[in-house]
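Here's the structure, in structure tokens; my notes come after.
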Amino acid sequence: MPKQKTKYVCRECGQEYAQSYGQCRNCKSWGSIEEIIEQSTTTALQRLGLTDIDRAAQPSESNKSSGQPRASFLLSQISDQTLSRMPSGFEELDRVLGGGIVPGSLVLIGGEPGIGKSTLLLQVANQLSDRCRVLYVSAEESGQQVKLRSQRLIVNLNEVEVEDKENVSNVEVDENLSSNENQESSDNSESIKDSAKNSQENLFLLPETDLEVILRELESLKPYLAVIDSIQTIYFASLTSAPGSVAQVRECTSALMQVAKRENITLLIVGHVTKDGALAGPRVLEHLVDTVLYFEGDRFASHRLLRSMKNRFGATHEIGVFEMVANGLKEILNPSELFLGSRDEYSSGTSTVVSMEGTRPIVVEIQALVSPASHGSPRRSTTGIDSSRLQQILAVLEKRVGIPLSKLDTYVATVGGLSVEEPAADLGVAIAVVASFRDRVVDPRTVLLGEVGLGGQVRPVSQLELRLREAAKLGFKKAIIPKGQQPPDLGMRILPIAKVIDAIIASIPAQPPTMGS
């Protein structure tokens with residue numbers, strides 16, 4: 000029996016060491032180095048005979064004499080083909096993926112437990128099973144549990160469809176016409192149920208954790224799409240390490256990737272996250288896949304954000320917005336209405352900005368509260384806004400504008416908890432803070448755009464036209480923007496300003512509004 004070798008690998012970045020350390024020298028993470036026993040075993044694909052060893056092309060004229068095959072080819076020889084995509088059934092998911100699901104791609108979806116990852120993928124599987132063969136690999140739930148959850152989603156969806164049709168019949172009509180409509184509504188509800196039943200004829204379920212069994216099923220069934228839920232619970236039997244370890248995750252992902260690329264199977268892989276919010280497992284996992292998506296959300300709120308962090312087939316930092324309802328996840332096609340909230344005309348300390356999330360402009364309401372400090376040291380609290388950015392804006396307001404904020408508590412939040420990290424929201428944050436300090440109300444039909452510099456100047460922002468078009472579409476009448484930028488005529492009153500003090504004068508009234516005025 001060959002002697003086993005031991006090495007130590009960081010589960011965060013994959014760095015290898017000859018001995019164990021408390022901190023990884025490469026990624027600086029603590030307690031992430033694990034012991035791994037090297038084994039001279041065949042890979043999962045080799046054990047199953049699924050490897051494609053002879054991939055070399057025929058010998059070229061230049062190397063026939065040497066007898067060595069040539070595996071490379073000219074880039075110009077590749078045919079020009081448009082990247083085909085299949086709609087997932089969710090416009091928000093298609094937006095994040097770059098326009099739809101790319102055949103043969105590997106998509107990794109991470110998120111906290113209970114955030115809705117499995118619910119989203121089961122809904123996608125149900126939608127796609129109308130058009131193609133889908134395999135759902137459940138390594139965490141039994142077949143009965145997945146079946147019950149699937150039935151709940153479909154039954155509730157049918158109830159929503161039938162309820163919408165019944166609401167239409169509330170209009171006063173002739174008795175005969177009403178009877179015909181009720182019969183038609185009943186027929187439609189039956190057709191919906193039949194359609195749901197037929198769609199599940201193409202949806203296959205595999206409750207399994209053994210990688211070899213999963214690979215055999217992929218080779219045998221050859222589905223268009225397969226869901227792996229989750230990669231941390233799948234194991235390769237020839238490895239002695241536990242499921243979820245560095246070696247197991249790396250071997251399982253690599254084997255799944257090779258089968259998916261060869262058979263042109265799209266894989267949607269669920270990944271767990273650590274307490275810090277990072278994907279659990281080695282960093283190499285994110286490098287192996289084509290797309291990395293994060294499912295975010297507050298467990299106390301109903302909305303969820305699907306954010307793209309890596310995408311080989313589209314733009315990164317795109318977001319899709321969903322709402323968790325009784326029948327699963329529902330798309331929010333106009334997220335600006337969600338994050339704008341219902342504006343109170345007499346509420347001080349609010350302003351409106353337009354944030355860019357990838358290529359999507361989203362109108363967000365910013366709320367600020369300034370009050371006397373209850374203790375010696377004032378508090379600075381933020382929700383959805385970078386706290387260090389707020390500290391900088393407060394320093395600019397005190398130094399350049401002369402507003403004494405150093406001894407006051409300051410709280411700033413975005414409606415809906417959307418994270419706004421770009422500097423273009425600086426001006427909106429500054430105006431909201433000043434409005435709360437002076438107890439004034441900013442016109443709710445005004446949008447503010449601009450980055451605040453340390454000298455008190457307002458700097459230009461990118462994609463100004465897209466931001467203003469979104470604001471105009473939602474009925475905003477006035478926009479305060481950095482001086483020097485020339486937007487097109489969108490039917491809005493444009494006020495270019497150069498300094499923060501100019502924006503304060505233009506947006507905050509000298510006198511508080513009177514009720515009913």
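Going by numbering that gives the first Met the number 0, 267 is the number at position 268 of the sequence shown; the sequence numbering is gapless. Where a beta carbon is used, it is the ideal one built from N, C-alpha and C, also for glycine.
The criterion of a C-beta distance shorter than 8 Å is not satisfied by G115 and R306.
Residues of the same chain with a CB within less than 8 Å of the CB of Q122, apart from the 5 flanking positions on each side, are G88, F89, L152, G327, L328 in chain order. Ranking R466, V245, L287 by CA distance to the CA of Q257 puts L287 first. Under the DSSP definition of a beta bridge, S380 partners with Y410.
Boundaries of the beta strand (DSSP E) around I496: 492-496. When the Cα atoms are used, L489 and A424 turn out to be separated by approximately 21 Å.
Non-local beta-carbon contacts of H316 in its own chain, meaning distances under 8 Å to residues more than five positions away in sequence, involve R306, S307, M308, E356, G357 in chain order. Annotated as proximal: P371 and L407, with beta-carbon spacing under 8 Å. Looking at the backbone, the Cα of A394 and that of A241 are separated by about 52 Å. DSSP, reduced to helix, strand and coil, places E111 outside both helices and strands of the structure shown, so it counts as coil. Judged by DSSP in its simplified three-state form, D228 adopts strand. When secondary structure is reduced to three states using DSSP, K6 falls in the strand class. Your pair P487 and I480 does not check out as a contact, with CB atoms roughly 12 Å apart and the cut at 8 Å.
Contact between L337 and G415 holds, with the beta-carbon distance rounding to 6 Å and staying under 8 Å. When beta bridges are read from the DSSP output, Q22 appears opposite W29. For P334, the enclosing alpha helix (DSSP H) has its first and last residue at 334-339. Per the coordinates, the alpha-carbon of S387 lies some 15 Å from the alpha-carbon of P377. With 16 or more neighbouring CB atoms inside 10 Å of its own CB, C23 falls in the buried class.
DSSP places Q14 in the coil class of the three-state scheme, outside both helix and strand.
By the neighbour-count criterion, in which 16 or more other beta carbons inside 10 Å mark a residue as buried, T290 falls on the buried side. In the three-state DSSP reduction, T349 falls in the strand class (E or B).
Q14 counts as buried, since at least 16 other C-beta atoms from the protein chains shown sit within 10 angstroms of its C-beta. For R306, the enclosing beta strand (DSSP E) has its first and last residue at 302-310. Residue state for G357 is assigned as coil, using DSSP reduced to three classes.
Looking from the CA of A314, the closest CA among L96, C12, K6 belongs to L96. Apart from the 5 residues on each side of it in sequence, E111 sits with its Cβ closer than 7 Å to the Cβ of V272 in its chain, given in chain order. Contact annotation: G449 and T413 have beta-carbon atoms that are not nearer than 8 Å. Taken atom to atom, the span from the alpha-carbon of V226 to that of L332 is near 25 Å. Under DSSP, no beta-bridge partner is assigned to G454.
Cβ neighbours of S137 within its own chain (closer than 6 Å, five residues either side excluded): V145, P206, D228. CA-CA distance, G296 to A124, rounds to 22 Å. For the 8 Å CB-CB criterion, E344 and D385 do not form a contact. Look at A138 here: in three-state DSSP terms it is coil, with no helix or strand label. Beta-bridge analysis with DSSP links P481 to I496.
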